[in-house]
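Numbering (my numbering), first residue to last: 5 to 191.
Working notes for the structure below.
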């Protein structure tokens, strides 16, 4: 072994550690210089104890009469369960007001039996919504969300409608969860 060719493992570890620390500091410097901020800031957080009003959800699609009620109920349920919001008595008393439109409601066959009969359907809904703070006329969040739910086909019409309504309720809860996440993440 010649002089200068042997390096101590301790010196290599310290150099590696210094390089990583310097890289991290440079990354943080560049992120702060370009105006990057983390999602979920205080500006768009939904505070526990706020009241929310979900006004009539307009229906532009051919859908069952219960669609509007199920969507409103799912939004209010998820707001309370996930963020501690409670329903307001009136729209004027609410801290947050939401309005929206059911843009599309579709049911499509997803799978078939060996006898070429529908085995499973997929219900797909798309909702456009806006969220306003108390006293404001411009929304602080606006977006379009979609969800789907599969359900089994049935030859009994009553069971078929019941399965479709259960799928609508499930898709409505998915829309409500996506709404809350989107609002807080500013997407």
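C-beta: ideal position from N, C-alpha, C; glycine also.
- Residue 162 and residue 96 have their C-alpha atoms roughly 40 angstroms apart.
- Ranking 75, 20, 181 by CA distance to the CA of residue 58 puts 75 first.
- Three or more beta-carbon pairs separated by less than 8 angstroms are not found between the stretch 80 to 94 and the stretch 126 to 138, which leaves the two stretches without contact.
- Residue 124 is not a Cβ neighbour of residue 133, given a cutoff of 7 angstroms.
- Secondary structure at residue 81: helix, using DSSP grouped into helix, strand and coil.
- Between residue 78 and the set 66, 98, 102, the nearest pair of CA atoms involves 102.
- In the DSSP assignment, residue 148 forms a beta bridge with 132.
- Residue 58 sits in a strand when the DSSP states are folded into three classes.
- Under DSSP, residue 102 takes part in a beta bridge, and its partners are 58, 135.
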